[in-house]
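**Q** At position 93 of the sequence shown (counting the first as 1) the number is 87 in our numbering, and the numbers step up by one without a gap. Ideal Cβ positions, reconstructed from N, Cα and C, are used throughout, including at glycine.
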Amino acid sequence: MIERPRYEAWRSQPQPSAFSPPPRGPNLIEAAPDRWSVSGWLVARAGRGIGAAPGGGQIGGGQAGVRVAYILSPAKRIAAFARITTPLAGEGREAAIGVEWQPSGAPLRIFVEQRFGLDDAPGGTGLGAVGGIDT
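1. Using the Cβ count rule (16 or more neighbours within 10 Å means buried), how would you classify GLN57?
2. From GLU94 to GLY120, what distance separates their C-alpha atoms?
3. Which of the three DSSP states, helix, strand or coil, is assigned to PRO68?
4. Near ILE65, what residues of its chain come up, given a Cβ to Cβ distance below 6 Å and the 5 sequence neighbours on each side ignored?
5. Starting from LEU102, trace the beta strand (DSSP E) in both directions and tell me its first and last residue.
6. Please list, in chain order, all residues of the same chain as GLY126 whose beta carbon is under 6 Å from its beta carbon, the five residues on each side excluded.
7. Can you tell me the Cα-Cα spacing of GLY111 and ARG61, whole angstroms?
8. Which of the three DSSP states is assigned to PRO97 in this structure?
9. Using the Cα positions of ALA90 and PRO116, report the straight-line distance between them to the nearest angstrom.
10. Report the residue from ARG87, GLU107 and VAL124 whose alpha carbon sits nearest the alpha carbon of PHE75.
11. Run the CB neighbour count on THR80, radius 10 Å, all protein chains shown included, and call it buried at 16 or more, exposed below.
12. Once the 5 residues before and after ILE78 are set aside, which same chain residues still bring their CB inside 7 Å of it?
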């Protein structure tokens, strides 16, 4: 036999719907940051594939590329990366592997890379800085 007061007390409490999110509890386990990142780009602009830099070291016309990075040390903000780029017209495809360092929480990274020409383009060592902002 069901006791009416208990049943009525339970029934009068709000019940979650089937679409309600699960109840939140204390976060006992902090999620580890994802060490992998993948990015890609496509820039459409007029011009040839060879840039204006001495020796044609930069792509001057439209280009596309993909980059994969792995954070080696989250505390020291050091990552290894590999990338492939190609001009949209002409020759100048290249691959590169390198290491980057983010000196602070600012959106700035300093990198050193080894470039490899994929279609008789010259390779070489590159050193640079990349920055940006999140919107």
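**A** By the coordinates alone:
1. buried
2. 12 Å
3. coil
4. ARG29 and ALA73
5. Run containing LEU102: 102 to 111, per the beta strand (DSSP E) assignment.
6. PRO101
7. 16 Å
8. Residue state for PRO97 is assigned as coil, using DSSP reduced to three classes.
9. 12 Å
10. Distances from the CA of PHE75 to each of ARG87, GLU107 and VAL124 were compared; the closest alpha carbon is that of GLU107.
11. Burial check for THR80: the Cβ neighbour count within 10 Å reaches 16 or more, so the residue is buried.
12. GLY59, VAL60 and ALA89
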